[in-house]
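Chemist: Take the sequence shown: its position 176, counting from 1, is numbered 176 in UniProt numbering, and each next residue is one higher. Please find one structure pasted underneath; my questions will follow.
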Amino acid sequence: MLTVDGLHVTYGGAVRALRGVTLEIPDGGVVAVLGSNGAGKTTLLRTISGTLGLHKGRVEAGSVRLGDVELTRRDPGQTVRTGVVQVPEGRRIFGRLTVEENLRAGGMGNRDKTAKAAAQQRVYDLFPVLAERKAQRGVLLSGGEQQMLAIGRALMASPRLLLLDEPSLGLAPRVIGQIGEVITEINRQGTSVLLVEQNATMALGVANDAYVLDVGEVSLSGNAAELARTDEVRRLYLGHD
Ligand code: ATP
Numbered sequence: 001m002l003t004v005d006g007l008h009v010t011y012g013g014a015v016r017a018l019r020g021v022t023l024e025i026p027d028g029g030v031v032a033v034l035g036s037n038g039a040g041k042t043t044l045l046r047t048i049s050g051t052l053g054l055h056k057g058r059v060e061a062g063s064v065r066l067g068d069v070e071l072t073r074r075d076p077g078q079t080v081r082t083g084v085v086q087v088p089e090g091r092r093i094f095g096r097l098t099v100e101e102n103l104r105a106g107g108m109g110n111r112d113k114t115a116k117a118a119a120q121q122r123v124y125d126l127f128p129v130l131a132e133r134k135a136q137r138g139v140l141l142s143g144g145e146q147q148m149l150a151i152g153r154a155l156m157a158s159p160r161l162l163l164l165d166e167p168s169l170g171l172a173p174r175v176i177g178q179i180g181e182v183i184t185e186i187n188r189q190g191t192s193v194l195l196v197e198q199n200a201t202m203a204l205g206v207a208n209d210a211y212v213l214d215v216g217e218v219s220l221s222g223n224a225a226e227l228a229r230t231d232e233v234r235r236l237y238l239g240h241d
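Have a look at this one:
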């Protein structure tokens, strides 16, 4: 289980991006974090993945733990080795490298060749389109395929917990549906998922539990299906009057 407890994060000491955030991701669970622009969603992911320092952010108080392992203020490499891997927002793949080279880059930290081959096969089974295009350069893929490649690259590190930052951003509804299905399948295969989304329909459809962030604080939390029925979530995040 990943436990975030009373997390306070600032940028430059002045911008208070997170103000006492507490949440849990049970082993084998899918947890969604919703919230509007600037709510602190990306900051939460950066803190969990250990990349906060690269963005001049600082943990002022609180902690992030995976089971008994303290992750607070760890660097990204240590965090990946613990089994926590982030798919960055904006699908930052290597455009000049082929699909297969992108995947190999994701598996670089893994010295076990058999495990690496199995991880690659898992990615090609999840995303047959990537297998078809394995010799093609990343830049030639569609937006949806690039998102799939970004997720596939993260899976090459065989994560226990996958962190997804707005995977639906800029994609057509049909493709968003496919991404949602793949998240469910990845989870079914044993990987826990933290899904940060502005697309509440997709996120609440695949998540077990959900949290709503509002200016750095958790304003609502609970079972995803129950949250989807609350007036506040329907009005603010699901587009109902
Ligand atoms: P978005 O959906 O726009 O990415 P978000 O919910 O992910 O929003 P964050 O990106 O975590 O929100 O931003 C939370 C707050 O921290 C905002 O006020 C933002 O302007 C600020 N912030 C984020 N990154 C930095 C940074 N590197 N330096 C200074 N302030 C930052």
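Just so you know, even glycine gets a beta-carbon here, dropped at the ideal spot from N, CA and C. All figures in this text were calculated on a predicted structure; none of them were measured in a lab.
Nearest by alpha-carbon distance to residue 101: which of 139, 112 and 72 is it?
Modeler: 139
Chemist: Residue 7: buried (16+ other C-beta within 10 angstroms of its C-beta) or exposed?
Modeler: buried
Chemist: Would you say residue 40 touches the ligand ATP, meaning its beta carbon is less than 6 Å from a heavy atom?
Modeler: When distances are taken from the beta-carbon of residue 40 to the heavy atoms of the ligand ATP, the shortest one is below 6 Å.
Chemist: By Cβ distance below 6 Å, which residues in the same chain neighbour residue 194 in space, the five residues on each side in sequence not counted?
Modeler: 25, 31 and 163
Chemist: Can you tell me where the alpha helix (DSSP H) with residue 102 in it begins and where it stops?
Modeler: 99 to 106
Chemist: Less than 7 Å between the beta carbons of residue 58 and residue 10, yes or no?
Modeler: yes
Chemist: Rounded to a whole number of angstroms, what is the C-alpha to C-alpha distance between residue 198 and residue 106?
Modeler: Straight-line measurement puts the Cα of residue 106 at about 26 Å from the Cα of residue 198.
Chemist: For residue 237, is the beta carbon positioned less than 6 Å from some heavy atom of the ligand ATP?
Modeler: no
Chemist: Bridge partners of residue 210, per DSSP?
Modeler: DSSP output for residue 210 lists 32 and 222 as bridge partner(s).
Chemist: Just list the beta strand (DSSP E) runs in the segment 30 to 78, keeping only unbroken ones of 3 residues or longer that don't cross its boundaries, in chain order.
Modeler: 30 to 34 and 57 to 66
Chemist: Just curious, the beta strand (DSSP E) that residue 136 is in, first and last residue?
Modeler: From DSSP, residue 136 is part of no beta strand (DSSP E); its letter is neither H nor E.
Chemist: Please work out which residues of its chain come closer than 7 Å, Cβ to Cβ, to residue 56, disregarding the five sequence neighbours upstream and downstream, and give them in chain order.
Modeler: So the qualifying residues of the chain are 11 and 12.
Chemist: Residue 118 to residue 147, Cα distance in whole Å?
Modeler: 21 Å
Chemist: Just tell me which of 220, 130, 158 and 95 has its CA closest to the CA of residue 115.
Modeler: 158
Chemist: Can you find at least 3 beta carbon pairs, one from the segment 38 to 48 and one from the segment 220 to 231, that sit closer than 8 Å?
Modeler: no
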